[in-house]
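Have a look at the structure below before the remarks.
Numbering (UniProt numbering), first residue to last: 1 to 156.
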């Protein structure tokens, strides 16, 4: 379990945002470019005690504020302003709530291009209850499956 110290706008969040830019800079030195990045892979995992592998936790509100105050401006003011930003990047059962929190905030929404979803808990959050209402609410943002794997049990 873990999140960044402090709050959006502070030195820790600015440092993390600048790390994204540095990551893109270093790859660019080798002629590797990116069309998009996600604000965090599985941000809710970092909110779970004893999660079995590395993660960084964000609530929807924390991700919104990090994007609005730190990550969005860092990308926009870099040579990577063309790189699109994807929110959520987690199980779709968090929709449409997550999208509402982030995309109904004008400061954050102006930096966001799409919503990343995972399929692991689809039996809890069927598409008609998650993806479809999100698309209806925010038709100008793409929804992209950003991760999937197969196994009979969690962590396989």
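Backbone N, C-alpha and C define an ideal beta-carbon position, used for all residues, glycine too.
Out of 134, 21, 122 and 17, which has the shortest C-alpha to C-alpha gap to residue 80? 21
Item to check | Start-to-end residues for the alpha helix (DSSP H) that takes in residue 65 | outcome: Taken as a continuous stretch (DSSP letters only), the alpha helix (DSSP H) holding residue 65 covers 60-66.
Limits of the unbroken beta strand (DSSP E) element including residue 20: Note, residue 20: premise wrong, no beta strand (DSSP E); alpha helix (DSSP H) at 11-28.
How would you call residue 49, buried or exposed, if buried means at least 16 neighbouring beta carbons within 10 angstroms? exposed
For a cutoff of 8 Å on Cβ pairs, would you count residue 142 as touching chain B?
As a matter of chain content, chain B is missing from the structure shown, which is built from one protein chain.
**Prompt:** When the distance is taken between beta carbons, is residue 102 closer than 8 Å to residue 172?
**Reply:** In this structure the chain extends from 1 to 156, so residue 172 is not present and cannot be described.
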